[in-house]
Each structure stands twice: as structure tokens, then as C-alpha cells.
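Working notes, beginning with the structure itself.
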Amino acid sequence: MFFLDHIWLIPLLPALGAAIMFFFGRKLQKATVSAVCVGAVAMAFVFACFAVWQYTGYAHDNPGKPFEKIAYTWMGTDTDHMNYVKRDGTLAPCHADAGFLLDPLSAIWLLFVTGVGTLIHIYSTGYMAHEGGYYRFFGYLNLFMFSMLTLILGNNYVLMFVGWEGVGLCSYLLIGFYFHRQSATTAANKAFIVNRIGDAGFLLGMFTIAWYFGSLRLTEITHMARSGHFAIGDPIITAATLLLFVGACGKSAQLPLYVWLPDAMEGPTPVSALIHAATMVTAGVYMVARSNALFVLAPGSMKTMAFIGAFTALFAASIALVQNDIKRVLAYSTVSQLGYMFLALGVGAFAAGAFHVFTHAFFKALLFLGAGSVIHAMSGEQDMRNMGDLHRRIPITHWTMFIATFAIAGIPPFAGFFSKDEILWQAWSSEGGAYRLLWLVGYGTALMTAFYMFRLMFLTFHGQARMSHEVEPHIHESPKSMTVPLIVLAICAVSAGWLGWPHSLGGSNRFEKFLEPVFAREAEVFQAEGKAAQLAAGRKEEEHTNPMEYFLMAFSIAAAVSGFGMAWKAYRDAGKGYEEPIAAATPQVYAVLLNKYYVDEAYDYAFTGRRKVKGVRLGVMGLGDASSWFDSHVIDGIVNGWGRTTRLFGTFSSWWDKWIIDGLLVNGPAILSRMLSYPLRLLQWGLVQWYALVMVIGLVGFVFYYAVR
Amino acid sequence: MNLHSVEMDRWSPIILTLVTFIPLAGALLLLSLPRRDRDIRVFSLVVTLFTFVLSLHLPVHLHRAQAGFQYELDRAWIPTPNIHYHLGVDGVSMWLVVLTTFLSPLCVLISWNSIHERVKEFFIILLVLETALIGVFVALDLFLFYFFWEATLIPMALLIGMYGHGRKVYAAVKFFMYTMIASVFMLAAILWLYAKVGSFDFVTIQNAIRNGQVANFTGAAQWLFLGFFIAFAVKVPLFPFHTWLPDAHVEAPTAGSVLLAGVLLKMGTYGMLRFNLGLFPDQARANAWWVMILALIGIVYGALVALVQPNMKKLIAYSSISHLGFVVLGIFTFTQAGLDGATFVMLAHGVSTGALFMLAGILYERRHTYEILEFGGLASSMPVYASFFLFVVLASVGLPLLNGFVGEFLVLSGAFQARAIYGILGATGIIWSAGYLLWMYQRVFYGKITHVVNETLPDLDPRERIALLPAAAAALVMGVAPLLWLNAIDPAVQTALAPFAQLASKVVGQ
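Taken in sequence, the protein lines are chains A and B. Following my numbering, the numbering of the first sequence begins with 244 at its first residue and continues without gaps. Following my numbering, the numbering of the second sequence begins with 1282 at its first residue and continues without gaps.
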């Protein structure tokens, strides 16, 4: 059990790589950087394979029991003294360990994250070969792997949150990798801050769970939630799951928090493939699937999730129809496919959602890497209007991308067909009635998906060459380090779906069987609820011999084919200044779609305040301006006013003292007596002549008086 | 509970006295040293480092499982009025002492070249300030506490007024007057208690209040609570008493800002924890609702104002108001998680905001401005500096595995337990902080270099790296292994919460 007992090494290996890059990367050769960073991830992959292999043995001995390994107590205290106050006023120990959990669900994520991660690391050694900041790029990439693996393996919500925020950080760092570009760093900030909104929801969801269950440990919560003590529709569990879903909306780019993901394409293309397509953005799906025991107790949250997912799928797919930037099309496609996954989770088909994550990881990573190979060949050009006719010049890229396109469009037997069809079938069969609308939305999205993907392929690889003459001679197929991962991923994009070959087509759906221990109980809950006949997980697969299923399957293949047909008709011969069919039909709709429904603009007016409404800033920055004015004028005004009043009072007191107290009351009598005594003083002048004069006058007076009398 | 149950080593009774007064002794020695600037700097560094090493004795030898004060020393000082020289720490104040001694050598290092006039006076003031700050956290006699409390004002005001820039005299006077006037209310409350109890001793007064031996206490309690509270609220500073802080920070020299944000503000929150909760639990509970609302306003309002500041240092100052709002919020939740978290935020904020101010100061040394618009694209010319800055920014926005997260998480979960809506409003704080700090970071470091001078700015020199590394390392260790701190904090918090537990159980009816 070496690998299971040392499972914490899986995230630690890439962390080590990142640390080496952080401290010494600047001085290392590119070859050393590649060796360390690719090596760390490849070792993590091998380690993960062995750990999962050992886990299957462990699971055989302990059926249905996840493997847990606690390294040390992280938050909390040794003595279990730090407590939560639970809802009923009792205390429960607050504990968040550095603990790791391996069960079928985390095993699947573990395998494809390390597997796809290794391929993308290899690809990056080719793609980034001529870029500056090589060590920085690989350091961030390794840090990302560490965070993602922590997220997957964490045995409690807090440690999951560590990975959750960590991947957000790496996303921020890598989107802003070209930090000289204003648009890149703005996109990076947008990603981090929008994600933080979701994170606040996740955090509050955690608090609600701790307050209600007195624990944050996943196995304990699952155990309690399944104990039967909690009613279905419990309002607090509904609140908690909705809050968790807010977090998922941020990380997995669902309405209304999806806005960061299209902008995230500012990052280098391998980053878009790894983080913004295959792995990080599926973290929300993972978190919800992890919390499945809670979500099944909250039908309200499930329905919200299903509708938001379905609507996001349609909304993003419609934007993707008209975008001209090859990466933007894929970005909106990712948002749309994530919507599918939440649709699956929302209708209770957790395993189907996880299955789509799994197949999507391969074909979407392949699409992005292929797009990167195209951009590489085109000397950085991303606008499909300036491409065309590349299929002969970069054949490997062309063929591998075509395989991925078949997969995403849902054409059998490529991977996407199985997972997408499973979701659509579950959406159709879960509830019936108005919820069939979910199927319709999903179906419309499938049609759009086929169209925009084949549009992308034809505009890029077929039609007439529309690139400039400077670019054209430099077009070349990418080096082996890039094409080999493409080929490996293409093999997976064909075959990954076969793991979930449905019973209705004579398969055994090993994928869902593997996940059964994680979700099986949910099927029972649904059964208890009475809606179960059609619902959810693997074990009811046997019932899927419903003729309706074959009909829907044929129907969705028809959608894929017609999407192909429409794109073929419109773009097969696209020359310079080709015509967009949607623009020709309804220019207004085209403008709205091209401008992504003006959502970014609306957010900038209403929420961020980056745009002014009639010269007035609204949103957060407007609030900031107002608060700042209030602070300096009102609050500080009162303080300074107080000070000034005191000084004024002081001045007045000093005046009062000088003129009234001292002047009027003290010096006043003095002046008065001086004035009154003035006449007397005249007599006492101290001038001898004066005295003599007075004496003479007096003498003369006397003499005169007596003389006259 | 008390000392007799614990085996003490022979250093224990005097260790606090040594830690407190060695910086002062250093200052006195400095007086007699000749004005050779380099020698003075080295000497100050040695003194502060020695104090730090000595202060590590406290966490190493602390009996963690044991509640109550440790390393106590109680000697009669003045017979009438009955003043004692009574020192002692618990898990909370001990870490605040260590925070002070940790930041002081960094302050010396960061002032190495930026202070070149009246160097001797500067370091004397700095050392005196250190003694006063430590004294506040170790004093258990209210008179002694008040003495140290006011003693911090003079060196800090001198630092701002003598070594600041811009409107330094205005800022120094504002700081001095504002916080001193507020402290007078505390003095009145202390004197009232002395008149009734006949002692300034914290433990004596606490016991007298608990046992109902204080005459007319019920009538006066609310006023006493407010008397202490107003002094602490201004120091924290709690909205709306905060406007002295941005001015003081903007004009203060770097070392002044580091100690001001790092330690001085914590005197207020420490005071709330020790005195408002310790002496007046009933009043604390009765007044908690509006205190928490003010704290929440502070969190959001401080962040909003920070968002639009054109001045880097002012931005950090307002972010402090926001962060300290978390501390006050945590303290007045009266939950273990809340108080543990509040104490942890105090320490984490001291380290990360201290580091932010050091970084801002390093930039000021090179460009003599804090205006964000003067910069842009610095990541190209100063890559190491940019990495340090980003690291500290991330610690400050509460990224998990760095120190900011642990405290914020615990505070918010405490607030949520106390009343869900407080937790919800507080949780928006994690969005705001990401907003203002990352936006500032983008404008300063990313993009192309817009001012020619910025192209040739030198990156960090070895001295600056040595000053920053301990802070960055502490931020990481505190985030990865918070247990080292929480294990000591928690018993102290439990003691502080004991009267509240009784109150709570009365309410719940257990």
C-alpha cells in the first residue's frame, strides 16, 4: 500500500517543481526547467496510476469504502478544543485536516488531470520554446497541478477550498502571463475577482454545512446526509447547496458568472487547454458531484442547477456560432459543454455528468492544443477570417482536430457521442412534463455545437487560403513535442467514450459501474422519492432498452450530421470576404451574437463602473468614489470641523480673555481710575518750575483776593 | 488555574521585564554613543534582534494547555495609590509581543538608508516605541497599562512629525490629539474602578466584578464599557473613528507605518478582547449588535474607499481599516472560532500589512512618490520586487495556505455561527479585497513602462531582501501550519469566553 499511504506525494511532487522554479528557475537552462517540471507531473501521473491500482485492491477488500489518509491537523487545534456552534447550540469540533480522500470519483479526476496535464506539459515545451519567462510559465503550471490535485484529493471542504482558490490564483497568473498586454492583465483580474464572487458563495455554503452538520469532512457529511435524519427538501440543505452551486458557477463559468472564461483566452494556449478547458473549469462539477448526498436532499437546488446549466449551454453555444477568433469559439464551446455537465448533475445523472467531464477533457484539450498548433503555424494569428486551406500544410493538426470535432459534435463512435447522448437521455427521462424542455434545450445546443465546430474546421483548414503573404511562407507543422500529445489525445478522444458504452448498445458501461459506490445511494433516494423509475445512475442502465432511447439517439446523430451539412454548405469554399449565413439572414441577431449579447458592457455599466452612464459612475467604483467623497468631506470633515471649532473657540477665548476679562474687567477699572485721577495727577507733575508757577499764581491770587476785598 | 500548578524555570518571572525593557535600555545606551550613523544602525539592529530572540522564550516555554496568565511578575510599585508592577501574558498577548519584537528589527533594516538625518534620534525613538508597545501587551495593572498606552503616543507622533513627509505636522497632531482625547474616557473608567475596588490590578478587578463586590456596578457598567470602548475603537480604528489613520500612514516614515499598522492598531483590538470582554461580558453582549454592524461597515466601506485611492499608501491604510473590521467582528461574535480567528487576523495582518508598507517604502525610496499613476510596468524593471509584492498581496487577500486565509475563515465562520447575516455580509469582504489589491497591482506592475524613470529602477538589494524574507516566510508558515499559533491562542480564548458560555447556556437553557 505504499502508493496509497503516500498519496500526499501526488500533489507535493508538482509543488516541489514549482518551488524549484520559484527559487532557482531564473538561473536554470530551459532543458533543465522542462526536465524538472514535466518530470514532476509525469511522476505524479505514474504515482496516481499506481495509487488507483492499489485503491482497486483496497476497494475490493472494503467494498464501498473510500480511502482516507490524514497527514496532519491543519486548521483547528490538537486538543479538539476549537469548536463550532451548531444550529441547536451544541458544540462540534472544528477541524480541517491536511487529509486526502481517494474514491472512484477522485480517482477518475486524478487520472485524467495528471494524464492530460502531463501531455500538456510536454506540448508546452514545444509551444513555449521561443517565449520569454519559460521557467515562470512552467513554475505556474506546476503550481496549478499542485492546487488542482489538492482540490481533488482533499478530504474536507476547507482543503478543497485551498485547491479551489489555488487554481484560481494560477489561472490569474497564467492568464496574465503576457503581463505587458493590458488586455491580458485585465482579463486576469476579471477571472480572479469573478471567481472570488463564487468563492464567497462556496465559503458561505461551507459555513452553513458546518453549522448544520457540525463537520466539514466529506465522508462524515455524506454519511450523515444519507442517514435518513434529514428530510428531502430541507430548507437549510437547499440553502447550503445553492451556495455551493454559486461557487461552482464561478469556477465552472455558468451564468451569470461565466464572463471571465472567454477573456481568459488571453493566456498562452496550453493554459487554455489545461486550465480553461480540461481541468480547472470542471472543478465545479467535481464539487457538486462530491456533494451529491446533499444535493439529492435539495430538489430545488437540483432544478436550479439543471435550468442554469441548460440555459448556459444554449446561450454560450449561440455566441460561439459567429465568433471569428478560433480560441473564443472554443472558449464559448467550453462554457456550453460545462452547461451540459450541470444539466446532467441537475437531473440527478451525476455519473453521466462525470462521464462528460472525462470525455470532454480529452477532446477539448485536443481542440485547444490543435488551435495552439494552428496559431503557432500562423505566427500568432487567431482570426479565422485570415486562415483557410491549412489542411495540407499542417496535416497532423488537421486530422487530430477533426477527430476531436467529431467527438464534440457527438458522432459515434467518438467519445463525445456516448457522454452527450447519456446526458440528453437522462434529461429526457428524468422528470417528464415540462422538464422535457431541458432535453429540447440540450438538443438545440447539440445542433449548434455541430455547426460551430465544423464552421471552425472548415474556416481554418478548408476553403481558400486567406492569410497575408507575409505569413503564408512560414506555415509549418509543429514539432514532435507538440504533435505527439495531439496524437495521444486523439486516440483518447476516440476511445475514452467506450468506457461508458451503454447497455442499450450492448456495452456494460464500466465507467458508471466504477462510480457506483459514490452515487449508488442517490439512486435509492430517488427511488424512495418515487420518481426513480427513470432517474439517474448506473444500475438502471438495464432498463434503457426503451425504444425511445434508440429514437433519441438517432435524432441526436441527425443533429450532428445536419450541423456538419450546414457548415459544409456555408464555409466549404470560403474565400476572402465570405458571407456568414446568420448575418445574411438576420443582421440584427448576428450583431447581438457577435457582441456576446452585450453582457460585458452591461456588467461594466452596472457592476464594475468601468463605463460611465451619462458621465456618472455606477457599480462598485461608483460606490467607491461616493464613499471616498463621504470619507474626506463628511467624516473627516466632522473631525477637522471639530478641530477647527476648537481652534475658533480658542481664538475667541483668547480674544475674550484679552479684551473682556483682561481689557474690560481688569484693565477697565484701571483705565477708569487713571482717567478719573488725571485731573489730580495734573497737580503732581513733578516739574519744579510748574510748582513754582502754581505757587506764584496762588500767591498772586491770595494777594489779589485780599487786595480787592 | 494559576502558577502553582506549573513548574516554572528560573527565567520565567523576569523574562517579560527583560523583553519589555531591553529596547529602552538600548535607547539609553544609544544616547551616549557618538553620532556615527552606521554604528547606530548596527547597534539598533542588534538590540532589536536580541529582543526578538529573547521573546521567543515565551512561545517555546509557554504551557499551552494551561489557561490563565503565565510568566507573571507582581510587585508593589507605589503604595498609594495602590499601583503594582504586574506583568503577565496569555496566548493572545504573548503572540502580540512576539509580533512586535519580530517587526522591530525589520523596521530597523528598512530604515537603514531612508533615514539619513537625525539618525540617532530616530533609532532612540524607535526603541522607546518598542518598549512602550510591548508594555501595553504585558501590563496587567490598569495603571501600568494606561501608562504604556499613552507612552506609545509620543514616540509615534515624533516619528510622524519629525521624519514624515508632506503634511506631517498636521498628521502627527491629528493622530496624537484624536487618540489621546479618546483615551481620557478610558482613564476615567479606570479611575472609577480604582475608586470602588481599591486596586488597579486587572485580575483583582475582574474577580471583584464577577463576584458582585463592586458597589453601584450595574448602573455604571454601560458607561465603563463605553469608556474603554471609545479609546479602543479610535485606536483600531473602527468606522467612523478612522480618519486619522490614512493621514498618519501617508505622512509617516516606513518604519512608523509598519509599527502603526502592524502593532499599534492591535492595541485597540487587544484592549477590546482583554478589557471590554474580560471586565464587562454582559455589556459586551448587549452592545455587540451595533459594534458588529460598525465592523461590517468598516469591512465594506474601507474596501470601497481603498478601491479608488490614487495613493498606494492610502490604499493600504484603508485596507487596514477593512481588515481590522474582521478582527472586531470576530471578537464580538463571542464564539471560539471568531475569537481565535480575530487573534489570528491580528497577527496575520501585522505581518502582511507590515510587509506591504515596507514594499511601498522601498518604492518611495526610489521614486519619492506613492502615486499609483506614477508607476506601471514595474514587473519588467524590478522582477524580484514584483514577486515579493505579489506574494504579500496574495497573503493579504486571504489566499489559502497563506496567513490571511486562516484568520478570515475562522472569523467569518464565527460570525456565521453568531448570526448568519453577519457572516454573509462579512464574506463579501473577500471579494472587495481581491478587487482593490489586484487592481492596484495591475496598475503598478503590469503593462508597459509609462514613465522613463521607471525603466532603470534598481531591483531589491540584499538588505531589502533580508528585511522582506522573514515577513514572507512567516506569511507562508502561518498559512500552512496555523496550529503552532492557534494551539496557544485557543486556551486564552476559552478563558475569555468562559463567562459567555455561561450566558449562552442560560439562553439555550442547558
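Beta carbons are placed, not taken as given, at the ideal position from N, Cα and C, and that holds for glycine.
{"query": "Whole beta strand (DSSP E) runs in the segment 1668–1731 of chain B with 3 or more residues, listed along the chain?", "result": "none"}
{"query": "Is the separation between the beta-carbon of G1552/B and that of F1513/B shorter than 7 Å?", "result": "yes"}
{"query": "Could you check the C-alpha separation between Q932/A and R924/A for me, to the nearest Å?", "result": "16 Å"}
{"query": "Could you spell out the range, first to last residue, of the beta strand (DSSP E) harbouring K857/A?", "result": "First-last for K857/A: undefined, no H or E at that position."}
{"query": "Along the alpha helix (DSSP H) that carries L683/A, what are the first and last residues, could you check?", "result": "679–704"}
{"query": "May I ask you to report which of helix, strand or coil DSSP gives F1456/B?", "result": "helix"}
{"query": "When you compare the CB of N326/A with every CB in chain B, is at least one pair closer than 7 Å?", "result": "yes"}
{"query": "Name, please, each residue of chain B whose Cβ falls closer than 8 Å to the Cβ of H423/A.", "result": "G1658, S1661, Y1727, G1728, K1729"}
{"query": "Less than 7 Å between CB atoms is the rule here; does L1368/B satisfy it with respect to chain A?", "result": "no"}
{"query": "When you check each C-beta in the segment 1512–1527 of chain B against every C-beta of chain A, which residues fall closer than 7 Å?", "result": "P1521, T1524"}
{"query": "Out of F1509/B, F1686/B, A1676/B, which has the shortest C-alpha to C-alpha gap to L1472/B?", "result": "F1509/B"}
{"query": "Is K839/A helix, strand or coil by DSSP?", "result": "helix"}
{"query": "Relative to the C-alpha of T643/A, which residue among G409/A, A614/A, G631/A, F660/A is closest?", "result": "A614/A"}
{"query": "Rounding to the nearest angstrom, what Cα-Cα distance links P254/A and L1757/B in this structure?", "result": "17 Å"}
{"query": "Please state the DSSP three-state secondary structure of E785/A.", "result": "Note that E785/A scores 44 on pLDDT, short of 50, meaning its location in the model is unreliable; the coordinates nonetheless yield the value given after this. Correct three-state label for E785/A: helix."}
{"query": "How many Å lie between V405/A and H472/A at the Cα?", "result": "30 Å"}
{"query": "According to the neighbour-count rule (16 or more other Cβ atoms, all chains shown, within 10 Å of its Cβ), is M918/A buried or exposed?", "result": "exposed"}
{"query": "Which class does K1250/B belong to by DSSP, given the choice of helix, strand or coil?", "result": "Any question about residue 1250/B goes unanswered here, given that chain B covers just 1282 to 1791."}
{"query": "How big is the Cα-Cα spacing for V1515/B and T555/A?", "result": "49 Å"}
{"query": "Is the separation between the beta-carbon of A532/A and that of I646/A shorter than 7 Å?", "result": "no"}
{"query": "Leaving out five residues on either side along the sequence, give the residues of the same chain with a beta carbon under 8 Å from the beta carbon of Y455/A.", "result": "K329, R330, I479, I480, A483"}
{"query": "Please go through the same chain and pick out, in chain order, the residues whose beta-carbon is closer than 7 Å to the beta-carbon of P542/A, but skip the five residues on each side of it.", "result": "I475, G476"}
{"query": "Which residues, taken in chain order from the segment 431–451 of chain A, show a beta carbon closer than 7 Å to some beta carbon of chain D?", "result": "No chain D appears in this structure, whose protein chains are A and B."}
{"query": "Can you list, in chain order, the residues of its chain with a C-beta nearer than 6 Å to that of G1710/B? Leave out the 5 residues immediately preceding and following it.", "result": "I1580"}
{"query": "Return yes when the Cβ of L1693/B is within less than 7 Å of the Cβ of G1707/B, no when it is not.", "result": "yes"}
{"query": "Where does I562/A fall in DSSP's three states?", "result": "helix"}
{"query": "Jot down the residue ranges of each uninterrupted beta strand (DSSP E) in the segment 322–400 of chain A, minimum 3 residues, whole runs only, in chain order.", "result": "326–328, 334–336, 339–345"}
{"query": "Report the rounded CA-to-CA distance for M467/A versus P309/A, giving the unit in angstroms.", "result": "15 Å"}
{"query": "When you compare only the Cα positions, how much space is there between V1572/B and Q272/A?", "result": "57 Å"}
{"query": "Excluding sequence positions up to five away, which residues of its chain have a Cβ less than 8 Å from the Cβ of Q1617/B?", "result": "G1695, D1771, V1774, Q1775, L1778"}
{"query": "At what residue ranges does the segment 1375–1427 of chain B contain a whole run of the alpha helix (DSSP H), taking only runs of 4 or more?", "result": "1400–1419"}
{"query": "Would you list, in chain order, the members of the segment 538–570 of chain A that have their beta-carbon closer than 9 Å to a beta-carbon of chain B?", "result": "none"}
{"query": "Return the CA-CA distance between N1592/B and R815/A, expressed in angstroms with no decimal places.", "result": "57 Å"}
{"query": "Thinking just about the alpha-carbon of each residue, which of G375/A, L354/A, F381/A, G862/A is nearest to the one in Y366/A?", "result": "F381/A"}
{"query": "Hey, quick one: how far does the alpha helix (DSSP H) through V282/A stretch, first residue to last?", "result": "Correcting the residue identity first, residue 282/A is Gly in this sequence and not Val. Start and end: 273–304."}
{"query": "Assuming the contact rule is C-beta atoms closer than 8 Å, V1544/B and L1384/B should be a hit. Round their C-beta distance to whole Å, please.", "result": "6 Å"}
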